[in-house]
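Count the sequence shown with our numbering and you get residues 21 to 675, in order.
Positions of the beta carbon are idealized from the N, C-alpha and C atoms, including for glycine.
Just so you know, these numbers come straight off a predicted model, no measurement behind them.
Inspection log for the structure reproduced underneath, given as structure tokens.
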Amino acid sequence: MSESTIESILEEKRLFQPPDQFSQTAHIKTIEQYKEVYEKARNNPEGFWAELAETELDWFQKWDKVLDWQPPFAKWFVNGKINISYNCLDRHLTTWRRNKAALIWEGEPGDSRTLTYAQLHREVCQMANVFKQLGVKKGDRVGIYMPMIPEAAIAMLACARIGAPHTVVFGGFSADALKNRLVDAEAKLVVTADGGWRKDAIVPLKEQVDKALIAGAPTVENVLVVKRTAQKIQMEPGRDHWWHELQKGVSGECPAEPMDSEDMLFILYTSGTTGKPKGVVHTTGGYNLYTHVTNKWAFDLQDTDVYWCTADVGWITGHSYIVYGPLSNGATSLMYEGAPRASNPGCLWDVVEKYGVTIFYTAPTAIRALMKMGEQHPNARNLTSLRLLGTVGEPINPEAWMWYHRIIGNSKCPIVDTWWQTETGGFMITPLPGATTTKPGSATLPFPGIIADIVDQEGEAVDGNNGGYLVVKHPWPGMMRTVYGDDDRFRRTYWEYIRPKNGEYIYFAGDGAHKDEDGYFWVMGRVDDVINMAGHRLGTMEVESALVSHPAVAEAAVVGKPDEVKGEEIVAFVTLEGEREANEALEKELKQHVVQEIGAIARPGEIRFTDDLPKTRSGKIMRRLLRSLAAGQEIAGDTSTLQDRSVLDKLRGGA
Ligand code: PRX
Numbered sequence: 021m022s023e024s025t026i027e028s029i030l031e032e033k034r035l036f037q038p039p040d041q042f043s044q045t046a047h048i049k050t051i052e053q054y055k056e057v058y059e060k061a062r063n064n065p066e067g068f069w070a071e072l073a074e075t076e077l078d079w080f081q082k083w084d085k086v087l088d089w090q091p092p093f094a095k096w097f098v099n100g101k102i103n104i105s106y107n108c109l110d111r112h113l114t115t116w117r118r119n120k121a122a123l124i125w126e127g128e129p130g131d132s133r134t135l136t137y138a139q140l141h142r143e144v145c146q147m148a149n150v151f152k153q154l155g156v157k158k159g160d161r162v163g164i165y166m167p168m169i170p171e172a173a174i175a176m177l178a179c180a181r182i183g184a185p186h187t188v189v190f191g192g193f194s195a196d197a198l199k200n201r202l203v204d205a206e207a208k209l210v211v212t213a214d215g216g217w218r219k220d221a222i223v224p225l226k227e228q229v230d231k232a233l234i235a236g237a238p239t240v241e242n243v244l245v246v247k248r249t250a251q252k253i254q255m256e257p258g259r260d261h262w263w264h265e266l267q268k269g270v271s272g273e274c275p276a277e278p279m280d281s282e283d284m285l286f287i288l289y290t291s292g293t294t295g296k297p298k299g300v301v302h303t304t305g306g307y308n309l310y311t312h313v314t315n316k317w318a319f320d321l322q323d324t325d326v327y328w329c330t331a332d333v334g335w336i337t338g339h340s341y342i343v344y345g346p347l348s349n350g351a352t353s354l355m356y357e358g359a360p361r362a363s364n365p366g367c368l369w370d371v372v373e374k375y376g377v378t379i380f381y382t383a384p385t386a387i388r389a390l391m392k393m394g395e396q397h398p399n400a401r402n403l404t405s406l407r408l409l410g411t412v413g414e415p416i417n418p419e420a421w422m423w424y425h426r427i428i429g430n431s432k433c434p435i436v437d438t439w440w441q442t443e444t445g446g447f448m449i450t451p452l453p454g455a456t457t458t459k460p461g462s463a464t465l466p467f468p469g470i471i472a473d474i475v476d477q478e479g480e481a482v483d484g485n486n487g488g489y490l491v492v493k494h495p496w497p498g499m500m501r502t503v504y505g506d507d508d509r510f511r512r513t514y515w516e517y518i519r520p521k522n523g524e525y526i527y528f529a530g531d532g533a534h535k536d537e538d539g540y541f542w543v544m545g546r547v548d549d550v551i552n553m554a555g556h557r558l559g560t561m562e563v564e565s566a567l568v569s570h571p572a573v574a575e576a577a578v579v580g581k582p583d584e585v586k587g588e589e590i591v592a593f594v595t596l597e598g599e600r601e602a603n604e605a606l607e608k609e610l611k612q613h614v615v616q617e618i619g620a621i622a623r624p625g626e627i628r629f630t631d632d633l634p635k636t637r638s639g640k641i642m643r644r645l646l647r648s649l650a651a652g653q654e655i656a657g658d659t660s661t662l663q664d665r666s667v668l669d670k671l672r673g674g675a
């Protein structure tokens, strides 16, 4: 298909109907069925979720009350007793799924492993028993800093099994970022590996853990190390233990602890608008139900599927849709350690072909990067097993959507563009692939049980076409419960930004959107100081704090600039201390400093040195102006509050 044909498709706003064959066997088969379910949920949300909780999950003890809503604090399935590891493992063992593949794992160097439900259960029980031996008790926090290997999922499930909340830290974060998270969560144990494979190189995870612990994470008593790469590492006697050694002779049985539905399942740190990442808290029963049902309906999970989500377990997508959602459904979830790289740009398609992947879920950034590598790679593989594609993490541009549809989906696979967040636990706005007609670039319609709207700051619905704040109006089971250790920040950040006159609490987590004439949602991106770079979420303040911690930097202002592949790129405007000279060497040093403070994912693309930053009379940096400057756009809007206009003129001159 030529560029001009694509353009005409987009101009015509072409609609993509679910293929008949797909709809016939789907869990939700028609748009009428979706509407019926949606209305049922809207009219009686508690009844809707309770019915699903009863039919889809196993409980040790039924709840007394479905929802206790003391805005903005929600409790779901009050006094219910449940264990998500039990729902992901044990209950499948008494069925034919006992010997079904639970996890299929492919390592970057080409090694592989398949774990059936029975095998996964055994390993999880063993690791849970080892945790107990290391003194981990119900309620203790465990840090997980792992490559994409089965033991990452095993460690999460082992934590869930004994009721020790996990906090998974993405392996790309630096030792400093790891330390901050371990300290905030007061982790008692860290599970890591000697290293992991990433683009033909070893990521030295254990070394980073050592640095983090030297820098000071005093609550950590033990480190459990999985052997992955077998390179030489330091093992501190008494503190560091090899998993394969402790695993020997340990029982493969460990009863799942009956947890209260509202017991904390995990903390996952995510960037916000301040320098300090927020510990997003998710609890057990509601999260289990929400990830289970959303995964089942939006991905139409069937027992014959080989389902592959390319995210890392360090992000919410990995938590909800590699581990908990698929396993709770008894699905086969594929995990891949590697990434497309110069030595093997077609590796993803090799994996699809090798395992006959049927459902493939990735991010727009990855799709755009794959587009750039060229269609010869997917074209050289047999991708006919695919029946459904998904995207997440950022708005997808229609060109990338069309490429995904044609080249990867052979023009026959529906695409589900799933809008959600770390905070929401699971999909909020998404097509249901057997029912929803899709439009490239739109996440389409809210999931049943989700009341989404577009409003102004007073909470009044706005004319959809003009756009406004994307909000959610009723609690849902997968919602975050609080910011770890900071209820007040939770209330302020998410529930008090939009202030309706009637005092109602409405959830808002930072996105702008508009709605079209069919009621379809089009998410435009963040409207707060959060950058979405290559699908990774970073707070501008977080990067600014990293920059000003360098002795040469006096002030820093960080903004996002549109980027063809990554979606956004970081541009930092920096003023220097006294005598320091702005030069290329310093620019390099500052970029490296950010990598050290946060991780390679936060490396600024560009640093612009300046004598001054544009500020309001009250001293607030006017980021809006810097964003326009970084993007090379004309400065639009009001500049009358600017304290010193010449600052802007100088910046413009230098830009
Ligand atoms: O801006 C939205 C964008 O990603 C943000 C959430 O980031 P995070 O918590 O890291 O979770 C990413 C994976 C769920 C949102 O506030 N976002 C996520 N999905 C989409 C999206 N933007 C547009 N379309 C999406 N499908």
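Item: Under 8 Å between C-beta atoms of Ser462 and Asp437; Value: yes
Item: Where Ala195 falls: helix, strand or coil (DSSP); Value: helix
Item: Asn103 beta carbon less than 8 Å from that of Arg181; Value: yes
Item: beta-carbon Glu373 near the ligand PRX non-hydrogen atom, thresh 7 Å; Value: no
Item: Check whether Leu288 and Ala237 have beta carbons under 8 Å apart; Value: no
Item: Pick from His339, Ile641 and Tyr517 that is closest to Met176, judged by C-alpha positions; Value: His339
Item: Heavy atom of the ligand MN within 7 Å of Thr249 beta-carbon; Value: In terms of ligand content, the structure shown lacks the ligand MN and carries the ligand PRX instead.
Item: Between the CA atoms of Thr314 and Gly345 - distance to the nearest angstrom; Value: 8 Å
Item: Simplified DSSP state of Lys316, which is helix, strand or coil; Value: helix
Item: Among Tyr310, Met393, Arg647 and Val371, nearest to Cys329 - alpha-carbon criterion; Value: Val371
Item: Simplified DSSP state of Gln663, which is helix, strand or coil; Value: coil
Item: Boundaries (first-last residue) of the beta strand (DSSP E) holding His534; Value: Tyr527 to Lys535
Item: Burial state of Ser666 (16 or more Cβ within 10 Å); Value: exposed
Item: Those residues which DSSP pairs with Ser132 across a bridge; Value: Glu126
Item: Beta-carbon spacing of Thr661, Arg637 below 8 Å; Value: yes
Item: Other residues of its chain near Lys493: CB distance less than 7 Å, five sequence neighbours each side excluded; Value: Ile471, Asp473 and Ile526
Item: Asn64 versus Thr136: straight-line alpha-carbon distance, rounded; Value: 38 Å
Item: Cβ-based neighbour list, Phe193, same chain, cut-off 6 Å, excluding 5 preceding and 5 following; Value: Gly619
Item: Supposed contact pair Val301 and Thr502 - C-beta distance, whole angstroms, cut 8 Å; Value: 5 Å
Item: Entirely enclosed alpha helix (DSSP H) segments - the region 501 to 572, minimum 4 residues; Value: 507 to 510 and 560 to 568
Item: Closest residue to Thr630 among Glu575, Gly639 and Phe97 (Cα-Cα distance); Value: Glu575
Item: Spatial neighbours of Cys274 in its chain, beta-carbon cut-off 7 Å, leaving aside the 5 residues before and after; Value: Cys145, Ala148, Asn149 and Arg181
Item: Met500 vs Glu562 beta-carbon contact at 8 Å; Value: no
Item: Limits of the unbroken alpha helix (DSSP H) element including Ile174; Value: Pro170 to Ile182
Item: Nearest-angstrom beta carbon gap, Gly469 and Trp439 [assumed within contact, 8 Å]; Value: At roughly 15 Å, the Cβ-Cβ gap does not stay under 8 Å, so Trp439 and Gly469 are not in contact.
Item: Among Asp531, Val229 and Leu113, the one whose alpha carbon lies nearest that of Ser105; Value: Leu113
Item: 8 Å contact criterion, which Asp549 and Arg643 should meet: CB distance rounded; Value: 7 Å
Item: Sequence-distant residues of the same chain with beta carbon closer than 8 Å to Ala675, five excluded per side; Value: Per-residue confidence for Ala675 stands at a pLDDT of 43, beneath the threshold of 50, marking its modelled position as unreliable; the derived number appears in the next sentence. Correct list, in chain order: Arg628, Leu649 and Gly652.
Item: Residue burial classification, Gly657 (beta-carbon count within 10 angstroms, cutoff 16); Value: exposed
Item: Endpoints, the alpha helix (DSSP H) within which Cys433 is located; Value: Element bounds for Cys433: n/a, residue is neither H nor E.
Item: Identified DSSP bridge partners for Ala481; Value: Val475
Item: Residues that Phe286 bridges to, as DSSP identifies them; Value: His186 and His302
Item: Under the three-state DSSP convention, the category Ala602 falls into; Value: coil
Item: heavy atom of the ligand PRX below 7 Å from Val543 C-beta; Value: yes
Item: Cβ shell of Val211 (< 6 Å), same chain only, five flanking positions each side left out; Value: Ile164, Ala175 and Leu244
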